[in-house]
Structure formats: C-alpha cells, structure tokens
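J.: Every letter in the sequence shown is one number past the one before it in numbering that gives the first Met the number 0, and letter 147, counting from 1, is 146. Where is the CB? At the ideal position from N, CA and C, for every residue including glycine. Would you mind keeping the following structure in view while I ask a few things?
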Amino acid sequence: MNPLIKMTTVTAMLFAGSLLAQQPAVVNDTKAKTILDEVSKNAKTFKTVKANFTITIENADKSKSTQEGELIVKGQKYKVKMKQKTKDKAGKEKEYAEEYISDTQTAWNYSEKNKEVTIDNAKKTTKEGFSVNDIFVLHEKGFKYSFEKEEKQSGVDVQVINLYPSKPEGKKYHTVRVVIDKVKKQITSVTFLNKDGSKMTYTVKTMTPNAEVPDTTFHFDVKAHPGVEVVDLREE
C-alpha cells in the first residue's frame, strides 16, 4: 500500500469480528456528510502539501511502535520519507531513511539501510493500494459513515467520524476513524481499526499547504546515491 498522508493518537475502542456486527443503526448521516464534504472541498484547493506525520501501530497485546515521516504532495505526485530505527550487532541504535517517490509515471522505493532502490510503474503501485490523495475523499469511495462526537484534543476542537467499508469482505480493518480540526477543516489523524484487534494511526503533526515545490522533488537521483543497487521492475 502506498504511504498515506497518508496524515495525536486517537483514543479508540478496539473491536473484533466482522463489520456487519458493528455497524451503527445510522450510516451516511447528514452531519457526517457535511463535515466530510467540507474537508474534501478544502483539501482539493491545495496545489501542494508539505506535512510531518507519525504512524503508530498498536498491536492487540497493546505493544506499540511509532515511525516519523515527511510528506510532500503536488497533484498526484508525492514523496514520502520515513525514519527507520534499528540496532546494529553491538546494540547501538541507528537511523535509516526510507523514501517512496512517484512522479505519476515512475515510482521509486529507496532503502538506505539496504542500499537499494526499486523502480516500478507508478500506475501499478497505485492499483495495488491507495492513491496518496485518497485519504481526503475516503467517504466518496465505497464507505458508509457516521458522526461520532465533538471533543478537544490537545486544546483543539475536533470532530470524530467513523467510516465503514461498504464491502468489508477481504478488508483487514472494520472501521476508519477520522479526526478533523473543526476550525481548519483539516484531517489531524486517521486510525484504521483492524479485525484482529490492532490499530494503525496516521497523525499529522504539521501541515503547510500551497508551498513552492519543484517537480524535481518527485524524482530519485541514482547518481546522488553512489553504491545503491537498482532493481528495475518496470514493464516494457
């Protein structure tokens, strides 16, 4: 799956079992639709987006792991840089970069640790997962939704909406919980609640819309990474 923006960990109940046993009586309610439409409309005005975010994975046994990342989006072009922490044989912690880049034609997946870049057709990688912009229009693409609540998170007034896949069969998750800044009409976090009791939260720490971003940002320069192994999976 392509990295999503996807985008404060949301406190959420963990459910197990199928979606059909958990859907609320009211779905696609008017309030939720109005809020989601406003967020979508606002996001579509952004020519570019720069964001810093975290991905937090909480397993069913409550163990957690967190990664930090940077995201740059321009239309359907994107660049995601993740920080991967590992320990060497001596137990010393090291930090490596992982980059995911697409210029809509070609996609690059770079691992600093493995000194390897994989090149593939962008359309192929998008077909296998989400487009990076899908996070802003989830409710328009095969989801039912319901308004959950309004509350304060870190001093910010937010609105919480639950999305449920219309066709849950084959999905690892049963619910997508979206937290929205009530004033800015921007997504602050998205949590995938999985059927196995785990959850994955994408939290937007900072976001700068409409920044100047050159197209060269969305290209991986092999020459700038001497010694990198190139694995080209592109189809002729």
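Thr117 and Val230 - do their beta-carbons sit closer together than 8 Å?
T.: Yes, the Cβ-Cβ distance between Val230 and Thr117 is below 8 Å.
J.: Taking Met81 as the reference, give the member of Val212, Lys122, Glu69, Ser39 with the closest Cα.
T.: Residue Glu69 is the option with its Cα nearest to Met81.
J.: Starting from the C-beta of Lys222, find all residues in its chain whose C-beta is less than 7 Å away, skip the five residues before and the five after it, and write them out in chain order.
T.: Answer for Lys222: no residue qualifies.
J.: From Ile56 to Lys91, what distance separates their C-alpha atoms?
T.: Between Ile56 and Lys91, the C-alpha separation is close to 23 Å.
J.: So, with DSSP's three-state summary, where would you put Thr53?
T.: Three-state DSSP puts Thr53 in a strand.
J.: Check whether the Cβ atoms of Ala31 and Tyr144 sit closer than 8 Å, and answer yes or no.
T.: Taking 8 Å as the Cβ cut-off, Ala31 and Tyr144 qualify as a contacting pair.
J.: Looking at the unbroken beta strand (DSSP E) that takes in Met174, where does it start and where does it end?
T.: One detail in the question is off: residue 174 reads as Thr in this sequence, not Met. It spans 172-180 - the beta strand (DSSP E) in which Thr174 sits, taken as one unbroken run.
J.: Just curious, the beta strand (DSSP E) that Leu35 is in, first and last residue?
T.: Per DSSP, Leu35 belongs to no beta strand (DSSP E); it is in the alpha helix (DSSP H), 29-42.
J.: Can you tell which of Tyr77, Val48, Asp195 has its C-alpha closest to the C-alpha of Ala59?
T.: Of the listed residues, the one whose Cα sits closest to Ala59 is Asp195.
J.: Excluding five sequence neighbours on each side, which residues of the same chain lie with their C-beta closer than 6 Å to the C-beta of Glu111?
T.: So the qualifying residues of the chain are Tyr95, Ala96.
J.: Helix, strand or coil: how does DSSP classify Thr103 here?
T.: It is coil, neither helix nor strand.
J.: Beta-carbon within less than 7 Å of Glu115's beta-carbon, same chain only, minus the 5 sequence neighbours each way: which residues are those?
T.: Around Glu115: Val227, Glu228, Val230.
J.: From which residue to which residue does the beta strand (DSSP E) around Asn113 run?
T.: From DSSP, Asn113 is part of no beta strand (DSSP E); its letter is neither H nor E.
J.: Taking the alpha carbon of Thr200 as the reference point, which residue from Leu35, Thr174, Lys184, Thr216 has its own alpha carbon closest?
T.: Minimum Cα distance to Thr200 is reached at Thr174.
J.: Do Glu150 and Val157 have their beta-carbon atoms positioned less than 8 Å apart in this structure?
T.: Contact: yes.
J.: Have a look at Val155, Thr215, Lys76 and flag the residue whose alpha-carbon is nearest the alpha-carbon of Ile236.
T.: Summary: the structure shown does not reach residue 236, with the chain confined to residues 0 through 235, and so no result is reported for it.
J.: I need the DSSP call for Val227, collapsed to helix, strand or coil.
T.: In the structure shown, Val227 sits in coil (DSSP, three-state: anything other than H, G, I, E or B).
J.: With respect to the beta strand (DSSP E) encompassing Asn161, which residues constitute its N-terminal and C-terminal limits?
T.: Taken as a continuous stretch (DSSP letters only), the beta strand (DSSP E) holding Asn161 covers 155-164.
J.: Compute the Euclidean distance between the alpha carbons of Lys236 and Val72, then round it to the nearest angstrom.
T.: Any property of residue 236 remains undetermined from this structure, which presents the chain solely from 0 to 235.
J.: By DSSP, does Ala89 sit in helix, in strand, or in coil?
T.: Ala89 falls in the coil class under three-state DSSP.
J.: Since I believe Thr47 is in contact with Ala210 (beta carbons under 8 Å), could you give me their beta-carbon distance rounded to a whole number of angstroms?
T.: So it is a contact: roughly 5 Å between Cβ atoms.
J.: With burial defined as no fewer than 16 other Cβ atoms inside 10 Å of the residue's Cβ, what is the status of Val38: buried or exposed?
T.: Its Cβ being crowded by 16 or more others within 10 Å, Val38 is buried.
J.: Tell me whether Pro23 is buried or exposed, calling it buried when 16 or more other Cβ atoms sit within 10 Å of its Cβ.
T.: Low local confidence applies: a pLDDT of 44 at Pro23 is under 50, so the model's placement there is unreliable, and no value is given.
J.: Select from Val203, Ser101, Asn161, Thr202 the residue whose C-alpha is nearest the C-alpha of Gln75.
T.: The candidate whose alpha carbon is nearest that of Gln75 is Ser101.
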